[in-house]
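Please read the structure below before turning to the comments.
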Amino acid sequence: MSPSTSEIESIQPVSRLPLDGKTVVLGVTGSIAAYKAADLASKLVQAGASVDVIMTTAATEFVGVSTFEALTHRPVTTGLWQAHTELSIDHVALALRADCVLIAPATANTVAKLALGIADDPLTATVLATGAPVIVAPAMDADMFASAATQRNIEVLTGDGVLVAGPVSGRLASGLIGKGRLVDNEVLVGLVRQAVGRHGDYEGRRVIVSAGGTRQPIDPIRFISNRSTGKMGYAIAEAARDRGADVLLVTAAGLSDPAGIEVVKASTVDEMRDAIVPSSSDADLLVMAAAISDFTPARVSDQKIKKQDSKKMSLELTRVEDFMPLAHGRRLVKVAFAAETSNVEANARAKVAPKGAAFVVANDVSEPGSGFGTDTNRVTFVDADGGAEVLPLMGKLDVGHAILDRALPLLAER
Ligand SMILES: Cc1cc2nc3c(=O)[nH]c(=O)nc-3n(C[C@H](O)[C@H](O)[C@H](O)COP(=O)(O)O)c2cc1C
Numbered sequence: 062m063s064p065s066t067s068e069i070e071s072i073q074p075v076s077r078l079p080l081d082g083k084t085v086v087l088g089v090t091g092s093i094a095a096y097k098a099a100d101l102a103s104k105l106v107q108a109g110a111s112v113d114v115i116m117t118t119a120a121t122e123f124v125g126v127s128t129f130e131a132l133t134h135r136p137v138t139t140g141l142w143q144a145h146t147e148l149s150i151d152h153v154a155l156a157l158r159a160d161c162v163l164i165a166p167a168t169a170n171t172v173a174k175l176a177l178g179i180a181d182d183p184l185t186a187t188v189l190a191t192g193a194p195v196i197v198a199p200a201m202d203a204d205m206f207a208s209a210a211t212q213r214n215i216e217v218l219t220g221d222g223v224l225v226a227g228p229v230s231g232r233l234a235s236g237l238i239g240k241g242r243l244v245d246n247e248v249l250v251g252l253v254r255q256a257v258g259r260h261g262d263y264e265g266r267r268v269i270v271s272a273g274g275t276r277q278p279i280d281p282i283r284f285i286s287n288r289s290t291g292k293m294g295y296a297i298a299e300a301a302r303d304r305g306a307d308v309l310l311v312t313a314a315g316l317s318d319p320a321g322i323e324v325v326k327a328s329t330v331d332e333m334r335d336a337i338v339p340s341s342s343d344a345d346l347l348v349m350a351a352a353i354s355d356f357t358p359a360r361v362s363d364q365k366i367k368k369q370d371s372k373k374m375s376l377e378l379t380r381v382e383d384f385m386p387l388a389h390g391r392r393l394v395k396v397a398f399a400a401e402t403s404n405v406e407a408n409a410r411a412k413v414a415p416k417g418a419a420f421v422v423a424n425d426v427s428e429p430g431s432g433f434g435t436d437t438n439r440v441t442f443v444d445a446d447g448g449a450e451v452l453p454l455m456g457k458l459d460v461g462h463a464i465l466d467r468a469l470p471l472l473a474e475r
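This is the structure we're talking about:
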């Protein structure tokens, strides 16, 4: 018997947090954007990281130490000579413990110090001593950013292997519009996830994921589509990125672009086919999580179809050719999705061979907590040979990892 909606809400799926067991050193410097670092610290903690904040003296003019201590449940370092802190005893302790050092926001001053290798505060000293990946997210007035000195310093940092994220264009604290805004915190968390997972078990693998529901035009105003939101596909793409894969996400969904992933927008089945089929030849894994239209209007009007006098209007639809069998490559392993409302396993099994899939991820979208728009999914892996593995209700990121776990042994030796 299927559980009721209220039962589903009370089930807490076991979730693997993306930064579980990882230490992130978050450097906060004296930019007006320092207030955004409080939310960033919180997001990193919610992603499972242990977050050690180092603030420059100027940063403490903008945000209080207590804010970060309360959010991270960890002491905050503000000076090399600060009494009774780990760094006052061992000034490279955080550098050694860090899985990633993220400086957000990074002032022009700190960027300049990093480019020169100056180490006169705990943050710059930590960057010099760490072997962990370093991400610097500058935030400053547009003219400060455009200045020859800052541009030169950023070039030096990039050459030294530092990932410089942003800044982006938008409204600045001065009221002017320009390039100097701190990149969004969601993007920074994504970049940290990618950095800490860069040597994961998908390192060196090319993974293509499709997501969202395709929209088949009826006229310039209208289309037919389906309820897919793209959340499942995005979760798979992010899981693959977090394990070191080089990911191409081909999406019909309107979700914001995940960091560290190549995103190609494809609204119709044709656009999706054109983005996926040629790219498949050098990919290791293709996961078709997109809900591709099975039918499309037989004719697309180039003018808006007007209301008729008649109360009825009919739309002729034709079958869309499934392009998944056309995607092939020497190393390519394919995983299909089957969203069903009845006979889930049997319907999914019938899809394995025609699509050339290694297995099909089947889900009953009529079940509560499963399918479109939810953050959870209950799926069954169905093989061509009749095998079926029923997974419990899980977060979509966990489902993504489960798909990658199952596909990994099928990938060719490299
Ligand atoms: C109100 C105010 C806002 C500032 N905002 C920025 C900023 O967004 N980016 C920046 O590079 N510097 C900014 N500065 C200048 C820095 O605070 C200053 O260069 C300081 O020395 C930076 O020190 P730090 O790099 O050790 O944090 C601002 C200064 C003030 C007074």
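Residue numbers (this note's numbering): 62 to 475.
The beta-carbon is built from N, C-alpha and C at its ideal position, and this holds for glycine as well.
Predicted model, so just to flag it, every value in this text is computed and none were measured.
Per DSSP, the continuous beta strand (DSSP E) segment holding residue 166 begins and ends at 161 to 167. Per DSSP, reduced to three states, the secondary structure at residue 423 is strand. Contact check for residue 264 against residue 305 passes: the beta carbons are separated by less than 8 Å. Between the region 297 to 304 and the region 461 to 473, the count of C-beta pairs closer than 8 Å reaches three or more; the two stretches touch.
If you draw a 10 Å sphere on the C-beta of residue 424, you find 16 or more other C-beta atoms in it, and that means buried.
Counting along the chain, the unbroken beta strand (DSSP E) around residue 240 starts and ends at 238 to 242. Under the three-state reduction of DSSP output, residue 124 falls in the coil class, being neither helix nor strand. When secondary structure is reduced to three states using DSSP, residue 398 falls in the strand class. In the DSSP assignment, residue 158 falls within the unbroken alpha helix (DSSP H) covering 154 to 158. Approximately 20 Å separates the beta-carbon atoms of residue 154 and residue 120; this is outside 8 Å, ruling out the contact.
Going by C-alpha positions, residue 411 is about 27 Å away from residue 377. Note on the region 241 to 328: whole alpha helix (DSSP H) runs with a minimum of 4 residues are 246 to 257, 292 to 303, in chain order. Counting the other Cβ atoms within 10 Å of the Cβ of residue 373 gives fewer than 16, which makes it exposed.
Counting along the chain, the unbroken beta strand (DSSP E) around residue 231 starts and ends at 229 to 232.
C-alpha of residue 451 to C-alpha of residue 441: approximately 4 Å in a straight line.
Nearest C-alpha to residue 114 among 107, 92, 83, 164: 164.
Listed in chain order, the alpha helix (DSSP H) elements of length 4 or more contained wholly in the region 82 to 108 are 97 to 107.
Those residues whose C-beta sits under 6 Å from the nearest heavy atom of ligand 1 are, from N- to C-terminal order along the chain, 90, 91, 92, 93, 94, 117, 119, 120, 168, 169, 170, 171, 200, 201, 205.
Within its own chain, the residues whose Cβ lies closer than 6 Å to the Cβ of residue 392, once the five positions on either side in sequence are excluded, are 345, 473, listed in chain order.
In the structure shown, the three-state DSSP call for residue 450 is strand. Between the beta-carbon of residue 465 and that of residue 395 there is about 14 Å, and that puts the pair past the 8 Å contact cut.
Secondary structure of residue 352 (DSSP, three-state): strand. When Cβ pairs closer than 8 Å are counted between the two stretches, the region 318 to 333 is seen to touch the region 267 to 283, the count reaching three or more.
Residue 79: not part of any beta strand (DSSP E); DSSP gives it neither H nor E.
Note on geometry: alpha-carbon atoms of residue 356 and residue 295 lie some 24 Å from one another. Here the C-alpha atom of residue 287 lies approximately 11 Å from the C-alpha atom of residue 313. DSSP places residue 199 in the uninterrupted beta strand (DSSP E) bounded by 195 to 199. One thing to note: residue 334 has its Cβ within 8 Å of the Cβ of residue 384. Taking the Cβ atoms as the reference, residue 397 lies roughly 5 Å from residue 349, within the contact range of under 8 Å. Within 10 angstroms of the beta-carbon of residue 176 lie 16 or more other beta-carbons, which makes it buried. Here residue 174 is buried: its Cβ has 16 or more other Cβ atoms, across all protein chains shown, within 10 Å.
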